[in-house]
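Okay, structure first, notes after.
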Amino acid sequence: MCCPSSFLRLGLIVHFGWVSSLSCRVGVDSWKRNNTKYCNLGIKVSSSGYCKWKKPSYNKRSPSSIAPSKLCMWFFQDKNTQSPHKYNMMLLWGSLALIGIYLITWTKKKQRRALPSNQGGLARIPLKHFVRKQASQADNNNYNAAQWESFQQQVSKRGIVCVVLAAGEGSRFKASVPKVIYPFNGKPLALYALEAAQKVADGAIPTIFVVGYEKELVTRTLGNSLNYVVQDTRMGTGHAVYLVKNALPKDYSGDVIVTCADNPGVDSSLLDRLIDCHHRYKQQLGKKYAALILTGKISNTAHSYGRIIRDKQDNVVDIVEKKQLDRMEQDSLKYCGNEAWSKQQLYQVDEFNSGIVIACSKPYFEALGNIEATLTTSQHPPKYEYYATDFVSQLTKKGYRVRAFLVPEQETWKLEGANTVEELDKLGTKFWTFKS
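Read left to right, the sequence shown gives residues -23 to -1, 1 to 413 (mature numbering (1 follows the signal peptide of the UniProt record, and there is no 0)).
Here it is, written out as structure tokens:
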């Protein structure tokens, strides 16, 4: 589809070509004969304003040419109502207007292209235009085509896939190894997510890890027999999840579970309940249902999580990240669904997003593809990320319904992650206390 600037360029070319030909013909080659005004375009205009076509006249004072279109008829009027001088001025102002419109459009386009970027990803660019077309294995030397094909066959047969996000750097997690492979009660942290997916009641769920930071060390620790997608340019959780789309079978229409590598408390029993609730909503709401989010009540250890915003029908209409909430002006409003929320109201929301979701893959990936990057820090240069949570507002715009599965208060600890080594140690204490 042609952009507006292309139409403006074409308009300018046609306009100036027309102006240059008409101005030399009309401005000079008109004369008066028997109370009638003629021009070389073959138009006859009487003093009463009556217009009709006349065979083009050829004389010594008029260059030989024929009118390109009847659209120019209204320009040729009686000398008492409009003179060649006024006509030429009208052409001049029309030309200047076209040039002005083109320059404004060109300037705005340049500004959009020059928006600050983060590691090559432009702000305000929909995710589907940013993500590379091919998903790759983390370790190309150990890439096994048969293994990859087997994974896709399992996903097609099972109708569900689990995506484990393990690409983050964990900048606050000061340790000698990446957080996702840090030892937790005897094994790498990320393997708890794999274990939960393998032990669900209906059988093991095919699982794929999204890796990025220290990818060679992570894949070597977790094992080359697992399936990986690489997030070379880390542009947020939305970007990480969307990369998996191209690793799935073509035209896949099953379910997708997204979990985090640093949530060891999310076990198979919790996933079983999440899946059962997802299937119930599918039956109740039909094709308008799209996703189910695992949520909990905000506690002292979960205050930094995103807020779940529901409407009066109990649908989730938005998720407001803590960073977004902190950046809001004190008197500003944020529209979630059809309602406006103040900063104070958003702070008072006591339901948080765990980052774990189960969704119907078609509308889910379509919504992710339409999200735009969000400013995460205003430092120089500014950084932008694609938040996976923005899929909710995209689905809401399309008329889909998103629901939330609120875990019982005594199980809220299962949704907690750890940003530092100290927090992970405390989580380990809870882990064994509640498990035993």
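Where is the CB? At the ideal position from N, CA and C, for every residue including glycine.
Small disclaimer: the values here were computed from a predicted structure and weren't measured.
Asked	Found
Completely contained alpha helix (DSSP H) runs for the segment 346 to 381, where each covers 4 or more residues	368 to 374
Residue(s) in a DSSP beta bridge with E318	The amino acid at residue 318 is misidentified as Glu; the sequence shows Trp. W318 is bridged to K311.
Assigned exposure category for F408 - 16 Cβ within 10 Å defines buried	buried
Close Cβ partners of N117 (< 8 Å) along its chain, the five nearest in sequence each way excluded	Residue confidence for N117 is low, a pLDDT of 45 falling below 50, so the modelled location carries little weight and cannot support an answer.
Proximity to Q387 [Cα-Cα], best of K259, Y229 and T272	T272
Test item: CB-CB of A268 and L142 under 8 Å	no
Contact check, L104 vs Y363, beta carbons under 8 Å	yes
Residue range of the unbroken alpha helix (DSSP H) whose run includes D253	S245 to L262
Pair within 8 Å by beta-carbon distance, P155 and L194	yes
Backbone secondary structure at Y169 - three-state DSSP	helix
Cβ-based burial, D367 [other Cβ within 10 Å; buried from 16]	buried
Simplified DSSP state of V108, which is helix, strand or coil	coil
Simplified DSSP assignment, three categories, for S(-1)	Model confidence at S(-1) stands at a pLDDT of 43, short of 50, so the residue's coordinates are unreliable; what they give is reported in the following sentence. Reduced to three states, the DSSP call for S(-1) is helix.
Strand pairing of T272, partner residues [DSSP]	N330 and L383
Local conformation of L225 per DSSP, three classes	coil
Exposure label - R149; buried when at least 16 CB within 10 Å	exposed
Which of helix, strand or coil DSSP assigns to D402	helix
H255 versus G136: straight-line alpha-carbon distance, rounded	14 Å
Span separating the alpha-carbon of E393 from that of V243	9 Å
Cutoff 6 Å; reference F342; Cβ partners in own chain excluding five residues on either side	K222
Beta carbon of F411 nearer than 8 Å to that of I270	no
Contacting residues, own chain, Cβ-Cβ under 8 Å from V132 (five flanking each side not counted)	V138, P183, L225, P226, Y229 and G231
Helix, strand or coil at S24 according to DSSP, with G and I counted as helix	Confidence is the limiting factor: at S24 the pLDDT is only 40, short of 50, which leaves the residue's position unreliable and the question unanswerable from this model.
Residues that DSSP places opposite R287 in a beta bridge	V293
Bridge partner(s) assigned by DSSP for A143	V188
V207 vs V140 beta-carbon contact at 8 Å	no
Reduced DSSP category for T198 - H, G, I as helix; E, B as strand; rest coil	helix
Separation of K265 from R378, as counted between CA atoms	6 Å
Local Cβ density within 10 Å of N330, reported as buried at 16 or more and exposed below that	buried
6 Å Cβ shell around V294 - same chain, five flanking residues per side excluded	I286, D288, C313, G314 and T373
Neighbourhood of L171 by C-beta distance below 6 Å, restricted to the same chain and skipping five residues each side	T184
Spatial distance of A344 from A217 (CA atoms)	14 Å
Within 8 Å, strictly: CB atoms of L203 and F186	yes
C-alpha distance - Y219 paired with G71, whole-angstrom precision	47 Å
Whether residue 419 touches Q301 by CB criterion (8 Å)	The chain is shown only over -23 to 413; residue 419 falls outside these bounds and no answer can be derived.
Residue interval of the beta strand (DSSP E) (run including V235)	D232 to C237
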